[in-house]
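Residue numbers (this note's numbering), protein chains in the order written: chain A, 4 to 292; chain B, 772 to 1076.
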């Protein structure tokens, strides 16, 4: 009697199990379908506007003549300087934390603080950049002010990625270096860092791909929404792709929405190629070890 | 060879000096992150101090009207907080169940191959810039909404909440999946050994065992939703309002900060200082949530072996 009951319930229990798997699968599918819909919508709207003119024209009041030249150059300038600032700072901090830092309260504070910084909303970095770089250091609304702000924003990502790369280098490599009489820095410079380098670079590229899409902090520091020139020095004013997109999306005319979609396609291509590069580097690293 | 010895000693001394300098420089790099935090806190507190000399903290935190750019100005931040909460709650309703369910699927059920395809797709979803989500909200979701509910405004909290929800799904998924995977195998096997089905094992053993990690991921995702800026600026509008109706235009704390910095508010005025007061509030809320998530993780973690 009880055996029959048990079998009956097992059926029902299994049925619940099946329903549950399907529900979980559907949830995952929803996320993927949404990604597909989003990409499809952007391609449908923007494909018609993709042309050489889009890349070589400055923005304009007329959708047919408008392009992203200033935004494209601005993005390259800003991301380039963001890399130049955040790379040495981030890698330096990571080397310190992994190789030099004693286990004391200061090290713990630095580590916890990095984790907290990763969770600070990007717009707050914009407020910091506005007050420190634009006002206090009088850099104005320049490429340098924007790059410095974004460098602080991605610093936690760079540090954490570099720490992981350095930590992955086997202890024996360090022992070998120190054993033949090299100083700690010589060991790092000639043995540890070259091995960790691909991993560090991967993290750096991923961090820069985050910087490339950031909008809010640059609007905060006063990057302009209408710029008809390309920067020539780091102290020039600038605009970037996401700000140009923001500007076009917030206009009511459909022509500008198509332009925004086309600019989004360019931005996504840049992002995907950076990610692909990072994956290639990561795979090469795996082969070496 | 006395000469050689002297050279060796100078060489060693030089090397030691170099080591010290390098160490100091590297420590300096590490301290930049501390300086960043100190900079954020100092800037926000200092500029807000100027604001609170003219507007009382009480009026700021409990006022129900936010009209700093009109005459007479009102500086009650509640409508902005309500706007941010409306978007964050809406986003959570979408992202928390979907994110957790897909984490369970990926960690417990998905065959290796499916997982290999799905994980990078979710990473792409996580890497899409927020301004793109704003575009999607304004040109795709809002028109859909207006077909279904004709009374919906061009700017409304609902479509902002939906895209912010989509945006934070990957975060919930990836952090929750890590938590589920951290549950040791022998707990699952013990459950099977007692005759439980896979469904019962997952829902009554694995999920409860990783609850601290799951809740921590929820808190982090909500904090991310509160700090989201571009999508809500584009989709939710610029009308600070105390409302629970998601089909109306509202304004969030972040969108207000953007609105002011896009305008030509003169430096040093009370209107200009509002962005620091609102920024301080936003920073405090998100910081508290990040600390809370770490606390949940540390305090309620089930420790195995």
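Ideal Cβ positions, reconstructed from N, Cα and C, are used throughout, including at glycine.
Legend entry - Other residues of its chain near residue 854 (chain B): CB distance less than 6 Å, five sequence neighbours each side excluded: Along the second chain, one-based indexing puts residue 854 (chain B) at 83. Here the set comprises 1021, 1022, 1023.
Inset, instruction - Tell me, please, whether the CB atom of residue 187 (chain A) is closer than 8 Å to any CB atom in chain B? - result: To locate residue 187 (chain A), count along the first chain from 1; it is residue 184. So, interface residue.
Legend entry - residue 283 (chain A) versus residue 208 (chain A): straight-line alpha-carbon distance, rounded: Indexing the first chain from 1 puts residue 283 (chain A) at position 280. Indexing the first chain from 1 puts residue 208 (chain A) at position 205. Between residue 283 (chain A) and residue 208 (chain A), the C-alpha separation is close to 12 Å.
Legend entry - Cβ-Cβ distance between residue 794 (chain B) and residue 103 (chain A) below 8 Å: Taking the first residue of the second chain as position 1, residue 794 (chain B) is located at position 23. Taking the first residue of the first chain as position 1, residue 103 (chain A) is located at position 100. Yes, Cβ-Cβ distance for residue 794 (chain B) and residue 103 (chain A) is below 8 Å.
Inset, instruction - Alpha carbon to alpha carbon, how far is residue 779 (chain B) from residue 772 (chain B)? Give it in angstroms, no decimals. - result: Within the second chain, residue 772 (chain B) is the residue found at index 1, counting from 1. Within the second chain, residue 779 (chain B) is the residue found at index 8, counting from 1. Because residue 772 (chain B) carries a pLDDT of 44, less than 50, the predicted location of this residue cannot be relied on, and the following value inherits that uncertainty. Near 11 Å, if we compare the C-alpha coordinates of residue 779 (chain B) and residue 772 (chain B).
Inset, instruction - Determine the DSSP secondary structure at residue 971 (chain B), reduced to helix, strand or coil. - result: Sequence index remark: in the second chain, residue 971 (chain B) carries index 200 (1-based). If DSSP states are grouped into helix, strand and coil, residue 971 (chain B) belongs with the helices.
Legend entry - Proximity winner among B:803, B:942, B:824, relative to residue 110 (chain A) (alpha-carbon distances): Position 107 of the first chain, counted from the start, is the residue given in the question as residue 110 (chain A). Checked all of B:803, B:942, B:824; the closest Cα to residue 110 (chain A) is B:803.
Inset, instruction - Leaving aside the five residues before and after residue 160 (chain A) along the sequence, list all residues of the same chain whose C-beta is less than 6 Å from its C-beta, in chain order. - result: By 1-based counting over the first chain, the position of residue 160 (chain A) is 157. Once the five neighbours on either side are set aside, the close Cβ partners of residue 160 (chain A) are 210.
Inset, instruction - For residue 220 (chain A), collect the residues of the same chain with a Cβ closer than 7 Å to its Cβ; drop the 5 residues on either side in sequence, then sort them by chain order. - result: Position 217 of the first chain holds residue 220 (chain A). 125, 126, 128, 129, 132, 152, 153, 156, listed in sequence order.
Legend entry - Proximity winner among A:54, A:79, A:76, A:77, relative to residue 68 (chain A) (alpha-carbon distances): For the purposes of this step, residue 68 (chain A) is taken as the residue at position 65 of the first chain. The shortest C-alpha separation from residue 68 (chain A) is found at A:54.
Legend entry - Contacting residues, own chain, Cβ-Cβ under 6 Å from residue 945 (chain B) (five flanking each side not counted): On the second chain, position 174 is the one that residue 945 (chain B) refers to. Excluding positions up to five away in sequence, the list is empty.
Inset, instruction - Quick one: residues in its chain with C-beta nearer than 7 Å to the C-beta of residue 60 (chain A), no 5 flanking neighbours on either side, listed in chain order? - result: For the purposes of this step, residue 60 (chain A) is taken as the residue at position 57 of the first chain. Within the same chain, residue 60 (chain A) has close Cβ partners 68, 69, 70, 72.
Inset, instruction - Give the residues from the segment 802-813 of chain B that approach chain A closer than 7 Å (Cβ to any Cβ), ordered along the chain. - result: 803, 804, 805, 807, 808, 810, 811
Inset, instruction - Indicate whether the contact test is met: 3 or more Cβ pairs, each with one atom in the segment 911-931 of chain B and one in the segment 239-246 of chain A, closer than 8 Å. - result: no
Legend entry - Assigned secondary structure, residue 1071 (chain B) (DSSP; H/G/I helix, E/B strand, else coil): Stepping through the second chain from its first residue, residue 1071 (chain B) is reached at position 300. It is coil, neither helix nor strand.
Inset, instruction - May I ask you to list the residues that DSSP assigns as paired with residue 145 (chain A)? - result: By one-based count along the first chain, residue 145 (chain A) stands at place 142. According to DSSP, which records beta bridges pairwise, residue 145 (chain A) is partnered with A:240.
Inset, instruction - Report buried or exposed for residue 272 (chain A), applying the criterion of at least 16 other Cβ atoms within 10 angstroms of its Cβ. - result: Here residue 272 (chain A) is taken as the residue at index 269 of the first chain, counted from 1. Exposed is the call here.
Legend entry - Inter-residue spacing [alpha-carbon to alpha-carbon] between residue 949 (chain B) and residue 782 (chain B): The count along the second chain starts at 1 and reaches residue 949 (chain B) at position 178. The count along the second chain starts at 1 and reaches residue 782 (chain B) at position 11. About 50 Å.
Inset, instruction - Give, in chain order, every residue of the segment 908-933 of chain B whose Cβ lies closer than 7 Å to some Cβ of chain A. - result: 909, 910, 911
Inset, instruction - With distances taken Cα to Cα, identify the nearest neighbour of residue 25 (chain A) among B:877, B:791, B:837, B:816. - result: Position 22 of the first chain, counted from the first residue, corresponds to residue 25 (chain A). For residue 25 (chain A), the nearest C-alpha among the options comes from B:877.
Legend entry - Within chain B, the residues that residue 245 (chain A) reaches when beta carbons sit closer than 9 Å: Translated into the one-based positions of the first chain, residue 245 (chain A) becomes position 242. Going along chain B in sequence order, the residues near residue 245 (chain A) (Cβ under 9 Å) are 900, 901, 902, 903, 1001.
Inset, instruction - Taking the CB atoms as reference points, tell me whether residue 985 (chain B) and residue 1064 (chain B) lie closer together than 8 Å. - result: Position 214 of the second chain, counting from 1, holds the residue named residue 985 (chain B). Position 293 of the second chain, counting from 1, holds the residue named residue 1064 (chain B). For residue 985 (chain B) and residue 1064 (chain B), no; Cβs fall outside 8 Å.
Inset, instruction - For the segment 895-912 of chain B and the segment 972-985 of chain B, state whether three or more C-beta atom pairs, one from each stretch, are separated by less than 8 Å. - result: no
Inset, instruction - Go through its chain and collect everything with a Cβ distance to residue 987 (chain B)'s Cβ below 8 Å, but skip five positions before and after it. - result: Counting from 1 along the second chain, the entry for residue 987 (chain B) is found at position 216. Cβ within range, chain order: 946, 950, 1064, 1065, 1067, 1068.
Legend entry - Buried or exposed (CB count within 10 angstroms, at least 16 for buried), residue 1046 (chain B): On the second chain, residue 1046 (chain B) is found 275 positions in, with the first residue counted as 1. Buried is the call here.
Legend entry - CB contact flag (residue 826 (chain B), residue 846 (chain B), <8 Å): Against the second chain, residue 826 (chain B) aligns to sequence position 55. Against the second chain, residue 846 (chain B) aligns to sequence position 75. Yes, Cβ-Cβ distance for residue 826 (chain B) and residue 846 (chain B) is below 8 Å.
Inset, instruction - Please decide whether residue 248 (chain A) counts as near chain B, where near means a Cβ-Cβ distance under 8 Å. - result: Here residue 248 (chain A) refers to the residue found at position 245 of the first chain. Yes, contact with chain B.
Inset, instruction - Verify the CB distance criterion: does residue 80 (chain A) have a CB-CB separation below 8 Å to chain B? - result: Translated into the one-based positions of the first chain, residue 80 (chain A) becomes position 77. It does not: the Cβ of residue 80 (chain A) has no partner Cβ on chain B nearer than 8 Å.
Inset, instruction - Can you tell me the Cβ-Cβ gap for residue 166 (chain A) and residue 97 (chain A), rounded? I've got them flagged as a contact below 8 Å. - result: By 1-based counting over the first chain, the position of residue 166 (chain A) is 163. By 1-based counting over the first chain, the position of residue 97 (chain A) is 94. So it is a contact: roughly 4 Å between Cβ atoms.
Legend entry - Entirely enclosed alpha helix (DSSP H) segments - the segment 80-150 of chain A, minimum 4 residues: 108-121, 125-132
Legend entry - Distance cut-off 7 Å: residue 28 (chain A) Cβ against heavy atoms of the ligand ATP: Within the structure as shown, the ligand ATP is missing, as the structure has no ligands at all.
Inset, instruction - Please decide whether residue 44 (chain A) counts as near chain B, where near means a Cβ-Cβ distance under 8 Å. - result: Residue mapping note: residue 44 (chain A) aligns to position 41 of the first chain, counting from 1. Yes, because at least one Cβ of chain B sits closer than 8 Å to the Cβ of residue 44 (chain A).
Inset, instruction - Indicate the three-state DSSP secondary structure (helix, strand or coil) for residue 846 (chain B) in the structure shown. - result: Here residue 846 (chain B) refers to the residue found at position 75 when the second chain is read from its first residue. Residue state, collapsed to three classes: strand.
Inset, instruction - Leaving out five residues on either side along the sequence, give the residues of the same chain with a beta carbon under 8 Å from the beta carbon of residue 229 (chain A). - result: The residue labelled residue 229 (chain A) in the question sits at position 226 within the first chain. Only 62, 242, 250 meet the Cβ criterion.
Legend entry - Outcome for residue 1012 (chain B) when other beta-carbon atoms lying within 10 angstroms are tallied against a minimum of 16: Indexing the second chain from 1 puts residue 1012 (chain B) at position 241. With 16 or more Cβ atoms within 10 Å of its Cβ, residue 1012 (chain B) is classed as buried.
Inset, instruction - Decide if residue 256 (chain A) is buried, meaning its Cβ has at least 16 other Cβ atoms within 10 Å, or exposed. - result: Position 253 of the first chain holds residue 256 (chain A). So residue 256 (chain A) ends up on the exposed side.
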